[in-house]
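Visitor: My structure is below; once you've seen it, I'll send some questions.
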Amino acid sequence: MRPAADRLAELLGHLLPGPLPVRVRAWDGSRAGPADAPLVMLRSPDALRRLLWQPGELGLAEAYVTGDLDIDGDLADALSHAGRAIRDRPWVRPRPAALAAAAALAVRLGAAGPPPRRPDGRARLTGTLHSASRDRAAISHHYDLSNDFYALLLDESMAYSCAYWTRPDDPAYTLADAQRDKLELICRKLGLRAGDRLLDVGCGWGSLTVHAAREHKVRVTAVTLSRAQRDFVAERAVREGVDDLVDVRLRHWRHIDGGGYDAAAAVEMGEHVGDAEYPAFAAKLHDALRPEGRLLIQQMSRGAHAPGGGAFIESYIAPDMHMRPLGRTVDLLESAGLEVRSTESLREHYATTIDAWRATLESRWNDVEDLVGETTGRVWRLYLAGASLAFAERRMGVDQILAVRPTREGTSAMPPTPAAWYSPASRS
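Be aware that the sequence shown starts at 1356, since it is given in our numbering, and climbs by one per residue.
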């Protein structure tokens, strides 16, 4: 009988132009493919069955998450190598005869049969897209996984967003330092002063809320849809002695009331708003600010010709997430009456941040498995590896957008230059 790897190589040859982009080791121990390519291990015919029932990204992801498929070595390196090899080849749609031959090979390899059971952890949302109840379920799916899990993954600030790496070549400079520099940069761009009122929309685990209250003595209204986050931030404010300055609310952004805020921030929350709903979101932020009040949005974007997200992320990580190119978000903010004064790309900073999270995930893998199980751990391993590549390869970006609500007369009270935002002397 021919080795399974040879038959796999023949099967893939019917679907992909050119030689195998990776080296394959089949469940019978046989190998095929270039010796210098990353090694992909198929542990059983179920890996192939998953691809037959769910072709494309999602089938591959579920094969990896279940352990039916594995990678020898660094996952991000393997994904990058395979992606380049496939992108560099002209795509030709397989002819019916090739598809029939591939199907016959799959049957002989033992891949025929009912669809395999899907792994745990897939989002199952119901209701109208971006209704308050569905948004709450989507946020809960991602952020209520476990406060203890995020405490394992993140630094002590619990900042789950792109850091700002001011000294990336300094070995003594850590993720915690880069997150502190990011929080301080946001506060400087917002021009926060003691006694100011800050609205923190989508406050996460309170990294910006607590930093602004502790370091700048501002009064913060923090808003989240996650009950676990709300309770965590309230307890954290007490623990860090700023509970007199922090009011944390379990609330949808549509239900934010009041106005007159000196500043507002939404740090990597706007991706969850939805495309059709974003004009109303921008208007809500405009109306929450006093004239000359500033808004800082840190938000992921996608390339003009890149999809953003993808089937795996939307199914297992962040359902209903929407990204758009930076320029379209700027247009929406200005259409709401805000004046955009600055945009700053942090794309490379995010690849570095995610790689720091990946290193932590691997170094604490046993604790991750004990806390959330191997399947969820593998979901996050794949998610972080793919996200790092997406930012490094410019399929996704992340930007800080600073806007102001000008007065009727057009005044903004903005500084003449942004020099103070980046002055080392102004850092905490």
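For glycine and all other residues, C-beta sits at the position ideal for the given N, C-alpha and C. Quick caveat: nothing in here was measured; it's all calculated off a predicted structure.
Determine the DSSP secondary structure at A1453, reduced to helix, strand or coil.
Guide: What you label residue 1453 is simply residue 98 of the sequence shown in a count that begins at 1. Helix at A1453.
Visitor: Taking the beta strand (DSSP E) that P1634 falls in, what are its first and last residues?
Guide: If you number the sequence shown from 1, residue 1634 lands on position 279. Premise fails: P1634 lies in the alpha helix (DSSP H), 1633-1643, not in any beta strand (DSSP E).
Visitor: Between which two residues does the beta strand (DSSP E) containing R1696 stretch?
Guide: In the sequence shown, the residue the question calls residue 1696 occupies position 341. Residues 1694-1700.
Visitor: Cβ of R1585 within 7 Å of Cβ of V1603?
Guide: Your numbering for residue 1585 matches position 230 in the sequence shown. Your numbering for residue 1603 matches position 248 in the sequence shown. Taking 7 Å as the Cβ cut-off, R1585 and V1603 qualify as a contacting pair.
Visitor: Between the beta-carbon of A1618 and the beta-carbon of L1540, is there less than 7 Å?
Guide: Counting from 1 along the sequence shown, the entry for residue 1618 is found at position 263. Counting from 1 along the sequence shown, the entry for residue 1540 is found at position 185. The answer is no: Cβ separation not under 7 Å.
Visitor: Which term fits E1511, buried or exposed, when burial requires 16 or more other beta carbons within 10 angstroms of its beta carbon?
Guide: Walking along the sequence shown from the start, residue 1511 turns up at place 156. E1511 should be labelled exposed.
Visitor: Report, in whole angstroms, the separation of the C-beta atoms of A1359 and S1385, which I expect to be a contact under 8 Å.
Guide: In the sequence shown, the residue the question calls residue 1359 occupies position 4. In the sequence shown, the residue the question calls residue 1385 occupies position 30. Right, the Cβ-Cβ distance comes to about 6 Å (below 8 Å), so this counts as a contact.
Visitor: I'd like the list of long-range same chain contacts for R1782, defined as Cβ closer than 6 Å, with 5 residues on each side in sequence excluded.
Guide: Sequence index remark: in the sequence shown, residue 1782 carries index 427 (1-based). The pLDDT assigned to R1782 is 47, lower than 50, so where the model puts this residue is not dependable; a value taken from the coordinates is nonetheless given after this. Closer than 6 Å at the Cβ level, and outside the excluded window around R1782, lie E1539.
Visitor: Which residues in the same chain have their Cβ closer than 7 Å to the Cβ of P1474, if we skip the five residues on either side of it in sequence?
Guide: Counting from 1 along the sequence shown, the entry for residue 1474 is found at position 119. E1417, V1420, T1421, T1730, listed in sequence order.
Visitor: Taking C-beta to C-beta, are L1563 and L1460 nearer than 7 Å?
Guide: Counted from its first residue, the sequence shown places residue 1563 at position 208. Counted from its first residue, the sequence shown places residue 1460 at position 105. Contact flag unset, no.
Visitor: Just to check my reading of the structure: L1716 and L1454 have Cβ atoms closer than 8 Å, yes? What is that Cβ distance to the nearest angstrom?
Guide: By one-based count along the sequence shown, residue 1716 stands at place 361. By one-based count along the sequence shown, residue 1454 stands at place 99. Between L1454 and L1716 the Cβ distance is about 38 Å, and since that is not below 8 Å, they are no contact.
Visitor: I'd like the span of the beta strand (DSSP E) that includes T1762, first residue to last.
Guide: The residue labelled residue 1762 in the question sits at position 407 within the sequence shown. Here T1762 belongs to no beta strand (DSSP E), and DSSP marks it neither H nor E.
Visitor: Determine whether the beta carbon atoms of S1516 and E1626 lie at a separation below 7 Å.
Guide: Translated into the one-based positions of the sequence shown, residue 1516 becomes position 161. Translated into the one-based positions of the sequence shown, residue 1626 becomes position 271. Not in contact: S1516 and E1626 (Cβ atoms no closer than 7 Å).
Visitor: Which of the three DSSP states is assigned to S1690 in this structure?
Guide: For this step, residue 1690 is matched to residue 335 along the sequence shown. Three-state result, S1690: helix.
Visitor: Once DSSP output is grouped into helix, strand and coil, what is the label at A1780?
Guide: Counting from one through the sequence shown, the residue named residue 1780 turns up at place 425. Unreliable placement is indicated for A1780, whose pLDDT of 47 sits below 50; the coordinate value is still reported in the next sentence. Residue state, collapsed to three classes: helix.
Visitor: Between which residues of its own chain and A1780 is the CB-CB distance below 8 Å, once the five residues before and five after are set aside?
Guide: Position 425 of the sequence shown, counted from the start, is the residue given in the question as residue 1780. Any reading at A1780 must be qualified, since the residue scores a pLDDT of 47, below 50, and its modelled position is unreliable; the value itself is stated next. Taken in chain order, the list of residues that qualify is empty.
Visitor: Count the other CB atoms, across all protein chains shown, that sit within 10 Å of the CB of P1770; report buried if there are 16 or more and exposed otherwise.
Guide: Here residue 1770 refers to the residue found at position 415 when the sequence shown is read from its first residue. So P1770 counts as exposed.
Visitor: Classify R1606 as helix, strand or coil using the three-state DSSP reduction.
Guide: Here residue 1606 corresponds to residue number 251 of the sequence shown, with the count starting at 1. Of the three classes helix, strand and coil, the one that applies to R1606 here is coil, per DSSP.
Visitor: So, with DSSP's three-state summary, where would you put A1364?
Guide: Taking the first residue of the sequence shown as 1, we reach residue 1364 at position 9. The answer is helix: DSSP assigns A1364 an H, G or I state.
Visitor: Look up V1395 in the DSSP assignment and give the residues it is bridged to.
Guide: Along the sequence shown, read from residue 1 onward, the residue named residue 1395 stands at position 40. V1379, I1426.
Visitor: Enumerate in chain order the residues of its own chain whose CB-to-CB distance from H1579 is below 6 Å, with the five nearest sequence positions on each side excluded.
Guide: For the purposes of this step, residue 1579 is taken as the residue at position 224 of the sequence shown. In the sequence on display, residue 1579 carries Thr and not His. If we look at T1579 and ignore the five residues flanking it on each side, its Cβ neighbours are C1558, R1585.
Visitor: Evaluate H1496 with the Cβ neighbour count: other Cβ atoms within 10 Å of its Cβ, from every protein chain shown; 16 or more gives buried, anything less gives exposed.
Guide: The residue you call residue 1496 lines up with position 141 of the sequence shown. It counts as buried.
Visitor: Buried or exposed: where does R1357 fall if 16 or more other Cβ atoms within 10 Å of its Cβ makes it buried?
Guide: As a position in the sequence shown, residue 1357 is number 2, starting the count at 1. Under this definition R1357 is an exposed residue.
Visitor: Can you give the beta carbon distance from E1703 to P1761, rounded, assuming they're within the 8 Å contact cut?
Guide: Mapped onto the sequence shown, residue 1703 falls at position 348. Mapped onto the sequence shown, residue 1761 falls at position 406. About 32 Å separates the two Cβ atoms, so there is no contact after all.
Visitor: For G1682, does the count of other Cβ atoms within 10 angstroms reach 16, so buried, or fall short, so exposed?
Guide: Numbered from its first residue, the sequence shown carries residue 1682 at position 327. It is exposed - the Cβ of G1682 has fewer than 16 other Cβ atoms within 10 Å.
Visitor: In whole angstroms, give me the CA-to-CA distance for L1415 and L1424.
Guide: One-based indexing of the sequence shown puts residue 1415 at position 60. One-based indexing of the sequence shown puts residue 1424 at position 69. If you take the alpha carbons of L1415 and L1424, they lie about 8 Å apart.
Visitor: Do you know offhand how far A1330's Cα is from A1592's?
Guide: The shown model of the chain, from 1356 to 1783, leaves out residue 1330, and the question about it has no answer.
Visitor: Is it true that the segment 1718-1732 meets the segment 1491-1506, where meeting means three or more beta-carbon pairs spaced less than 8 Å apart?
Guide: Yes, they touch.
Visitor: Could you give the distance in angstroms between the alpha-carbon of D1754 and the alpha-carbon of G1468?
Guide: For the purposes of this step, residue 1754 is identified with residue 399 of the sequence shown, where counting begins at 1. For the purposes of this step, residue 1468 is identified with residue 113 of the sequence shown, where counting begins at 1. When rounded, the distance between both Cα atoms is 46 Å.
Visitor: Determine the burial state of P1389: buried for a count of at least 16 other Cβ atoms within 10 Å of its Cβ, exposed for fewer.
Guide: In the sequence shown, the residue the question calls residue 1389 occupies position 34. Counting Cβ neighbours within 10 Å, P1389 comes out exposed, since fewer than 16 surround it.
Visitor: Under 7 Å Cβ to Cβ from R1719, same chain only, skipping five residues before and after it: list those, please.
Guide: Here residue 1719 refers to the residue found at position 364 of the sequence shown. These residues qualify, in order along the chain: L1507.
Visitor: Once DSSP output is grouped into helix, strand and coil, what is the label at A1514?
Guide: The count along the sequence shown starts at 1 and reaches residue 1514 at position 159. Residue state, collapsed to three classes: coil.
Visitor: Suppose you measure from the CA of A1745 to the CA of L1363; what does that come to, to the nearest Å?
Guide: Translated into the one-based positions of the sequence shown, residue 1745 becomes position 390. Translated into the one-based positions of the sequence shown, residue 1363 becomes position 8. In a straight line, the C-alpha of A1745 is about 28 Å away from that of L1363.
Visitor: Using a Cβ-Cβ cutoff of less than 7 Å, which residues in the same chain neighbour Y1705 once the five nearest sequence positions on both sides are dropped?
Guide: For the purposes of this step, residue 1705 is identified with residue 350 of the sequence shown, where counting begins at 1. Here the set comprises C1517, F1746, V1753.
Visitor: Less than 8 Å between the CB atoms is what I'm expecting for M1751 and A1661, so what's the real figure, rounded?
Guide: Counting from one through the sequence shown, the residue named residue 1751 turns up at place 396. Counting from one through the sequence shown, the residue named residue 1661 turns up at place 306. Confirmed, Cβ separation roughly 7 Å.
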